[in-house]
Structure formats: C-alpha cells, structure tokens
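Input: a single structure, listed below in structure tokens.
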Amino acid sequence: MEFLGDSSETDKKKMKKRFHRHTPHQIHRLESSFNECQHPDEKQRLQLSKELGLSPRQIKFWFQNRRTQKKAQHERADNCALKEENDRIRCENIAIREAIKHAICLNCGDAPLHEDSYFDEQKLRIENAHLREELEKVSSIAAQFMGRPLSHLPPLLNPMHVSPLELFHSGPSLDFDLLPGSSSSSMAVPTLPSQPNLVLSDMDKSLMTNIAVTAMEELLRLTQTNEPLWIKANGCRDVLNPQSYENMFPRSSGRGGKNHNLRKEATRSSGVVFTNAMTLVDMLMDSVKSSELFSSIIASSKTLAVISSGLRGNHGDALHLMLEELQVLSPLVPTREFSVLRYCQQIEHGTWAIVNVSYELPQFITHARSYRFPSGCLIQDLSNGYSKVSWVEHVEVEEQEPIHEMFKDNVREGIAFGAERWIATLQRMCERFTALLEPATSSRDLKGVIPLPEGKQSIMRLAQRMVSNFCLSVGTSNNTRTPVFSGLDAFGIRVTSYKSQHEPNGMVLCAATSFWLPVSPQNVFNYLKDERTRPQWDVLLNGNSVQEVAHIANGSHPGNCISVLRGFNASSSQNNMLILQESCVDSSGSLVVYTPLDLPALNMAMSGQDTSYIPILPSGFAISPDGSRKLVCLKKS
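Note that the UniProt record's numbering numbers the sequence shown so that position 583 is 583, with each residue one more than the last.
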C-alpha cells in the first residue's frame, strides 16, 4: 500500500508539470532580442514580458535554454572539425609510415640503415682521417728516398646535390651522368643538348614520380588557398606570404642556407581564356607548342625524357623531364634556365592541373642557380569554349650580378617573370589561334587582298615566325643559336652575330638595346603602330608615306592585328616596298614587329603556299611598363 501511495504522489507531480509552447511571434521576437544581447538585464526582461505576455521567469529560462543550446551546437561543430582533422592526420601518418617501410637507398638499392647509422658514419670518418694520416707519413718517408712525394689520392666522396622536394623522400638527387659523353664539369655553359633522350632506370622514374606527385599536391593547395597564404600587393596582385608558406610546407623551405644572393619570387594570377581545357593541356604538355604559345617568355624548351606518356588521348598522369629557358625581352636581363619535371593530372571531370618542379641534373647545372618550386596552372573547363586558368609561379634565383636599375622593380616584384605575364600572354595567344580559324572573307581584311582561307593562315604563320625570331634576337639567350660574337657595350647595346642556314643563308648581325621614356606604354604603342607617324622613325621608308593594304585582326583588342604595308617612293615609279607587321598588346606589355618583304614572297604567302622558305629579318619594339608605371621601351634592329 505504501508503494501504491508513492506512485500516486509521483503521478500528481507529473500532472502538475505544464508544457508551454510559445507562439511563432514570441519566438521570433525572442530570437531577435537574443541576437542583440544574450544576457538581458532585469529591465529588459520586464519589457519583453509586457510585450509578449510572458512572465519574467519564462523570459529568464528561455534565454538560459537558448544559451545552452547554442553552446552545445558550437561544441558539436568543434568536435566534428577536430575529428576530421584527427582522421586526416591519422591517414597522413599511415601514409608516411608506409613510405618509410618502402624507402630504399639510392646508392645501393637496399633498405635504409638502422637508427645508429649516424654513429657508423662518424666511425668511418674517423677511420678515413686515420688512414690519411698514415698515408701522409708513408709519403713523407718515401719522399726522403725517392726525392719526391707520392701523389695524393683524389677526394673520396663528391658532394651530393639535394633538392627540397627530394628531401621529402629522404633521398639525394641522382648524381649520375645520364647523357653519354657529358659530365657536370664539362657543362660550364649549358645549351640545349643535341644528344638523344635520356635513358632512365626504373629507380630514377620512381623517384621522379614521387617528386611530381608531391609537387602536384602542393600546387593544388597553392591554387585553392587564399589568405593568409596569399596577400595582396598594391591592392590587386597575389603575392605569397613567406611565413605562412613555411608553416604550411616546412620541408620545402630553407634552401640555399645563408646565401644572401638567393631571392624568392612567388605570384599567382587567374583569368578566362578562349580555349577549351583539353586544347590547353595538349599545348602545355608539348615543348614545341608551348614555346610557340609563349614565344615572348620561353626562349628555348626541350623534352629530355618521357617518364610516362599518360592516358591515351588526354595526357592524364603524363610526366616529362624538360629543359626550359625563360627570358625578358631585353638585353639587360639575363635568362633563367631550369630542368623541370612537368606532370599533368586530371583532378575531376573538366578540371586539369599541370605542375612544374625543378629536378636538378648534374649535366645541366648552371653557373647561376635557378630553382623552380612547385609552379604551374589549374585549368577548369567552362563548357562554352572558354576555360578558367589559375597560374602560380614560385622560383628561387641567385643574383650573381646586380639587376639593372631599369628593370630592378619589375624583376624583384615578380612582374617580369610572374604569373600575371603568363596569364596575359596565354589569353592573347588563345585569341590569336581562334582568329587563325576564322574565314578570310571577313570585313576585317581590307580590300580583299587576302581572298583565300589558306592565304590568311599562311600570312599568320609567317607573322608568328617573325615574332618568334624577334623575341629570340632581342633577349639574352644563346641556346638556340651558336653566336660567332655576342657582347654588351658601355651604352647597353648588345650586338650578336651568328651564322644562319636559312632565313636567309649567311651571317646575321643583330643589335638590341633598352631605354626608358617618360610616356605611357599605350601612347608609345599607338605612335609606333600608326602608319601616319611611321615615316618619322622607320629608316626603311626614307621619310616617305606608307599605306595599309591588308589587315588581319587576331584578337578582341584593336591593337592585336597583322598588317601588310606598302611604302611610296616619290623618286621612283615603282612602289614595291612591302612591310609585314604584327602588333600585339596585353596587360603585361606590347610588341610591334615588322620585316620587309618583296612582292613574290607576299604573293606566295597569300596563295597559301609554304612560307618556311621565305627569308625574314625582323626588327621591332617590345614595350613594357616599369615598376613606377612609366615605360621601358626595348628596340631591336
């Protein structure tokens, strides 16, 4: 009976407990008050009580419950984030342990030594020192009887070259002579080799693949991460934050020790280009096509070895070992040479990534160190013929000589070799390739001088060859040509002479210089492009007027075009002076390049015939803004 009595009392207490559900209006008003102040005082609670028809006690408990609920939500979110981070670290730890298990020694191919290998190495060093002392004693004794000392032994060990990415795998670089007949000592001045492709072992390919995969992971994080890894310079340019980079990638920093001549440049840029993703991938993975695409940036490029050709038809997982030389269109700025691994990977449907990372070969180590940290681009197909490209350039260079004052700001701020220049050039050249496929009967072609599509394509290819030759002549690269003489005089004029077997056959003399003008780049470009002002500066015209007889637009900007100009000579009844000119402009600078042509050569090009045999000697101007947004103007004649 006592048990039944206790049960009835509990039921009465439950019946006395009331549940009150607030109206939507009350909840909305309480939520708005909670967002303004989570701890209302007594006066505020009384005001809400009168307004909503609730007791102050109900108001007080509602706020307490709401604070408890919000705290629980935050704790759950934090727990989920910590759990994800813990899972990621656990997976990374497992991957590192597996990599350590399968690590091999690059010298002998066996498993790595045990943990006391450091002490074994020190013991060997002590033994070597003792043996050297014994050798010197024997040598001194022998000298007393032979009249001369014994020849000393050569160094027992050569220094090993280690790159940052190779440190990820706890292994030194392969210090082998991979090219027959070459050695690191004989390559003081590296040039693009004429030897066949490198023969690589399976161990070499495995090491290169590991380096490329690690570099790809870093590139993806660089392209997809914003602040604080990237900071804005001058309000618009993305520049790498060194401290954040070292915190995120601690094993890839610290290269070069205390060499104060080493300097890093790291920039990022993005843009939309008028080409689909697969076409871009195909051009960037081909050294010949990429050199034509970036003729103003790439002075020379060569594929040394194809480690993996990738998936058939789309370059997925393709890995190439390449030599590349980058330039600024000026005789005052030295080129930068890299031996890189270029790796392509399809991230997802319609998204590709191409990474370049230095892989130092003893045969091609330059006197001035240039190292390329993981750099490259992320390409996203927009399904309308366009693609979005995000580009990262991250290099470390050694300045053996001071940069010329005219280009110091451009180079050190990452403008001369930076990502913005790559994106601007890519956008302009993709528009040019699209214009190459347009019909020649467009109203852009004046007076119907070029009636055939083949004629238009032939003229555009001839103009592209002219611009490429101009870029090689105005820069400082000698890798693609063997100069007979090359030098820079006291006035900053670089004169080069070389033997040419085709364009035309004989000795060619080039002169290039750089100078500064207190005028905006656009005004100088307009002045040089305008045929009305051309007689003021073009020595080929002797002060006579010129007329545009054909015009091919090759971009959305009106300054991007190819023109055929005819000069008039008042003292002659024949007006056979013809000039082929291409002008191009983008955010990184502009070009005005021209060459004289005779009438038979122009007729050959307009009829769609092969123009590779037409001799051309291009001259022109490369215009670029300096660090103060004034002008640097480069001329080659």
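Note that beta-carbon positions come from the ideal geometry of N, C-alpha and C, so glycine has one too.
Val467 - DSSP class collapsed to helix/strand/coil: helix
Residue ranges of each beta strand (DSSP E) within the stretch 348-432, 3 or longer: 351-358, 370-372, 375-381 and 387-398
Whether Gly555 touches Ser590 by CB criterion (9 Å): no
Exposure of Ser563, with buried meaning 16 or more beta-carbon neighbours within 10 Å: buried
Cβ contact check for the stretch 456-475 and the stretch 579-587: 3 or more pairs under 8 Å: yes
Distance between Leu323 and Gln195 (C-alpha atoms, nearest Å): Because Gln195 carries a pLDDT of 42, less than 50, the predicted location of this residue cannot be relied on, and no value is offered for it.
Pick from Glu348, His130, Gln427 and Val357 that is closest to Glu218, judged by C-alpha positions: Val357
According to DSSP, residues forming a beta bridge with Glu337: Glu325
Bounding residues of the beta strand (DSSP E) (the contiguous stretch that carries Met577): Met577 to Asp586
Bridge partners - Val546, DSSP secondary structure assignment: Gly567
Between the CA atoms of Val333 and Gln327 - distance to the nearest angstrom: 8 Å
Proximity to Glu431 [Cα-Cα], best of Leu472, Asp598, Asn226 and Val273: Val273
DSSP-derived helix/strand/coil call for Asp626: coil
Supposed close pair Ile231, Asn241 - CB separation, criterion 8 Å: 5 Å
CA nearest to the CA of Leu437, picked from Leu319, Ala553 and Phe568: Ala553
Sequence-distant residues of the same chain with beta carbon closer than 6 Å to Ala212, five excluded per side: Leu319, Leu341 and Tyr343
Buried versus exposed call for Pro625 [16 or more other C-beta atoms within 10 Å across all chains shown]: buried
Where the alpha helix (DSSP H) through Arg221 begins and ends: Asp202 to Gln224
For Cys377 and Ile403, believed in contact at Cβ under 8 Å, the rounded distance: Actually they do not touch by this definition, with Cβ atoms about 27 Å apart.
Local conformation of Ser163 per DSSP, three classes: Its pLDDT being 36, under 50, Ser163 is placed unreliably in this model, and the coordinates cannot settle the point.
Glu405 to Glu399 span [Cα, whole Å]: 14 Å
Proximal residues to Gln44 (C-beta, below 8 Å), its chain only, five neighbours per side dropped: Ser33 and Cys37
Environment of Asn603 [buried if 16+ CB atoms lie within 10 Å]: exposed
Pro596 - partner residues in DSSP beta bridges: Ile579
Presumed contact (8 Å Cβ cut-off) between Ser514 and Glu292, rounded CB distance: Between Glu292 and Ser514 the Cβ distance is about 25 Å, and since that is not below 8 Å, they are no contact.
Gly567 vs Leu540 beta-carbon contact at 9 Å: yes
Alpha-carbon to alpha-carbon, Phe433 and Val288: 15 Å
Distance between beta carbons of Phe407 and Ser339, contact taken as under 8 Å: About 25 Å separates the two Cβ atoms, so there is no contact after all.
Burial state of Arg57 (16 or more Cβ within 10 Å): exposed
Where the alpha helix (DSSP H) through Glu98 begins and ends: Pro56 to Lys101
Chain-order list of residues whose beta-carbon lies under 7 Å from that of Arg372 (same chain, five-residue window excluded): Phe338, Val340, Asn356, Val357, Ser358 and Val395
First and last residue of the uninterrupted alpha helix (DSSP H) at Met283: Ala277 to Leu284
For Phe525: DSSP bridge partner residues: Bridge partners of Phe525: none, in fact.
Identified DSSP bridge partners for Val273: Ser387
Proximity below 9 Å, CB of Ser244 to CB of Leu229: yes
Spatially closest choice to Ser473 from Ala299, Ala550 and Gln224, by CA coordinates: Ala299
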